[in-house]
Amino acid sequence: MRHAFALRIGPIGFRIGSDWRAPIDQLRSLYRDYPAPQDGVADYTVRLFARRPWRRWLRPSVEIGGDYMLPEAAPLPLRHGLLAAEMAMNLQMALGARRHLLLHASAVERDGRAVLMTGVSGAGKSTLATLLAARGWRFMGDEFALLDSATGLLHAFPRLISLKNAAIPAAEAAWPDARMGPLMAATPKGDIRHMVPDARAIAAMDRPATPALLLFPRYGDAAAVRQVPPAEAFVRMTQASTNYVALGEPGFTAMTRLIADVPAVAIDYPDGASGVAQVEALCAAL
Amino acid sequence: MDDAAPGPIYRADPPGGLVLAPLDAFTAVYHRRSGMTHLLTEPAPQILAILGEAGLSLGALLDRLADDYDLADATASALAARLDELVAAGLVATS
Amino acid sequence: MSDDTRPDTDPIETTPSRRRVLTLGAVGAAAVVSIRPALAQTAGSVLNCDIPVPDAGRAGSFIDAQGKIVPSGTKGAFAGASRPFKGEEVRRVLNSGGQLPGTDSERSRAYVNYIRRLQRGQGGFTCFASLQMPRG
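Chains as they are written, first to last, in this note's numbering: chain Y, -11 to 274; chain E, 275 to 369; chain X, 171 to 306.
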């Protein structure tokens, strides 16, 4: 790999190698305020490579690889190389994480207590997290939250925030001073633009928080709130974890403790402001 | 085992084979031998507790449950259905 | 519990509180739910993946309305898709309905049934398994 870059996001170190310079330059710029991997040793290696040597130049097509590979991942054009790098990093985490129970959730923190938001793509967990961060909550991550199975504490994973379609102009309006990556139009997931988390989120990335609320938001309906019973929350959270099964008994212990200790609530919300208000009200009542 | 007991003997893992975590009406169970997680509602945890001590036939299990509990709708076919589920989940073995 | 006509073989009730009611449930009910999280659960956020219909090993075969592979030319069955479907396209149809791109409703239904039947080892299975997020 002729071009390489190493960084740490929360407790996880990555080394990214690439056959092309452009994605590495973009990563280095967007992640410039992030630390290096602990002791210089990366947890995961990511590779952006050309399947055939001539595909480096001829209709360049970025294949995703690394310590963990999935055979059916389709390649991306070079102009979406930054997206390929992010997807590859996600994949390594999803398949490889063993030190933490990995939850597919966004998270924000205030006074040492964290709200976890999880749901299908489009449910708004990422958008709600960025809106709450704009209102003074510390942003911990938009996609992954890491639960330490020994302590039950939640660790931040504040990678670049992946904005999609209509969320792009909304975030540009809410965060006019935020640093943004390039607009990648018409990717397989729609238009995508990355936003660098605010300086406070980056500076605080090593400070864990105690989970205080599990939220299952759903965007697009009239405002509604429903307590989620523990067994249902347990099933939803095991579905929202990529490594629950692989962790075995420590995963079971971590998950059952989370469900026993932390209330779970489902909300429907019609717009961002309403969603934020509902979260604030729920937290005030805790 | 001296009676000519018709039908299979059902047994569950001995104590320590399961990690149990009650959550509302369900109990979450981690089955150490298989690494699988299941959610159980009554009467499954009660059945597993009894079958973890010793293997029993369907009839003997029904009797034992009747001793320990007030069985409101006790039919052998209902118990058989519960045992089938537990066998399918790998929590109960038959011999 | 005094009027029953059973023979007097009940054990003496020294701890009546132990004999709480236990329901065995109906024959059709379920008391065991096994947790089966899908593969690579981060789904469309992680993978940009393809699902060919049918998979490369059966290219040229037809798909019947139930999604089973049948010999090419079988009456009432559909030829395979001209291009693989993206995971996102399939997920959209599974969650919200509608048709797979380039298909009418009957053909789309046959293709979706085929995809739902995919087993580990068949091309497209990993991609399909990664789409199995529960409805919000």
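Glycine included, every Cβ here is placed at the ideal spot set by N, Cα and C. In this text, all values refer to a predicted model and were calculated from it rather than measured experimentally.
> What is the DSSP secondary structure of Y/PHE(-7), counted as helix, strand or coil?
Replying inline: In this structure, Y/PHE(-7) counts as strand in the three-state DSSP scheme.
> What does Y/PHE240 reach in chain E if we use C-beta pairs closer than 8 Å?
Replying inline: VAL293, ALA295, ALA302, TYR304 and THR311
>> For chain Y, check one thing: does any of its Cβ atoms lie closer than 8 Å to the Cβ of X/ASP225?
In response: no
> Do the CB positions of Y/ARG123 and Y/GLU97 come within less than 8 Å of each other?
Replying inline: No, they are not a contact pair.
> Is Y/SER149 helix, strand or coil by DSSP?
Replying inline: The question names Ser, but residue 149 of chain Y in the sequence shown is Ile. Here Y/ILE149 sits in strand by DSSP.
> Mind checking whether E/TYR284 and E/THR349 have CB atoms under 8 Å apart?
Replying inline: no
> Under the DSSP definition of a beta bridge, which residues are partnered with Y/TYR257?
Replying inline: According to DSSP, Y/TYR257 bridges with Y/TYR207.
> Name the residues in the region 251 to 277 of chain X whose C-beta lies less than 7 Å from a C-beta of chain Y; which are they?
Replying inline: If the cut-off is 7 Å between Cβ atoms, the region 251 to 277 of chain X has LYS256 and GLU258 near chain Y.
> In chain order, what residues of the region 165 to 184 of chain Y put their CB closer than 9 Å to some CB of chain X?
Replying inline: Against chain X - using a Cβ distance shorter than 9 Å - the residues of the region 165 to 184 of chain Y are THR175, PRO176, LYS177 and GLY178.
> Any Cβ of chain Y within less than 8 Å of the Cβ of X/GLN236?
Replying inline: no
>> Counting only Cβ pairs nearer than 9 Å, list the residues of chain E close to X/ARG189.
In response: ASP341, ASP342, TYR343 and ASP344
>> DSSP three-state label for E/GLU340, please.
In response: The question names Glu, but residue 340 of chain E in the sequence shown is Ala. Of the three classes helix, strand and coil, the one that applies to E/ALA340 here is helix, per DSSP.
>> Count Cβ pairs between the region 164 to 178 of chain Y and the region 100 to 108 of chain Y that sit closer than 8 Å; are there 3 or more?
In response: Contact between the region 164 to 178 of chain Y and the region 100 to 108 of chain Y is absent, because fewer than three Cβ pairs lie under 8 Å.
> Where do the N-terminal and C-terminal ends of the beta strand (DSSP E) with E/ALA302 fall, by residue?
Replying inline: Note, E/ALA302: beta strand (DSSP E), 300 to 305.
>> When you compare the region 31 to 41 of chain Y with the region 2 to 14 of chain Y, are there three or more beta-carbon pairs, one atom per stretch, that lie closer than 8 Å?
In response: yes
> Quick one: which chain X residues come within Cβ less than 7 Å of E/ALA348?
Replying inline: Per Cβ cutoff of 7 Å: LEU194.
> Taking C-alpha atoms, which residue in Y/GLY263, Y/ALA197 and Y/LEU246 lies nearest to Y/LEU119?
Replying inline: Distance check between Y/LEU119 and each of Y/GLY263, Y/ALA197 and Y/LEU246 places Y/GLY263 closest, using alpha-carbon atoms only.
> How would you list, in chain order, the residues of chain Y whose beta-carbon sits under 8 Å from the beta-carbon of X/GLY243?
Replying inline: Neighbours of X/GLY243 on chain Y: none; closest Cβ ~29 Å, over 8 Å.
>> Which residues does DSSP list as the beta-bridge partners of X/VAL202?
In response: E/LEU314
> Name the chain X residues whose beta carbon is nearer than 7 Å to that of E/LEU360?
Replying inline: VAL202
>> By the 9 Å beta-carbon criterion, what residues does the region 241 to 258 of chain Y contribute toward chain E?
In response: Of all residues in the region 241 to 258 of chain Y, THR241, MET243, THR244, ARG245, ILE247 and ALA248 have a Cβ within less than 9 Å of some Cβ in chain E.
> How many Å lie between X/VAL191 and Y/THR230 at the Cα?
Replying inline: 39 Å
> Which value, in whole angstroms, describes the spacing of the CA atoms of E/ALA286 and E/ALA354?
Replying inline: Note on geometry: alpha-carbon atoms of E/ALA286 and E/ALA354 lie some 15 Å from one another.
> Which value, in whole angstroms, describes the spacing of the CA atoms of E/THR319 and Y/ARG67?
Replying inline: One detail in the question is off: residue 319 of chain E reads as Pro in this sequence, not Thr. The alpha-carbon atoms of E/PRO319 and Y/ARG67 are separated by roughly 56 Å.
> Touching or not, the region 240 to 258 of chain X and the region 154 to 171 of chain Y, by the rule of three or more beta carbon pairs under 8 Å?
Replying inline: Look at the beta carbons and you see the region 240 to 258 of chain X not touching the region 154 to 171 of chain Y: under three pairs across the two are nearer than 8 Å.
> Looking at the C-beta of Y/ALA265, does it have a partner C-beta in chain E at a distance below 8 Å?
Replying inline: no
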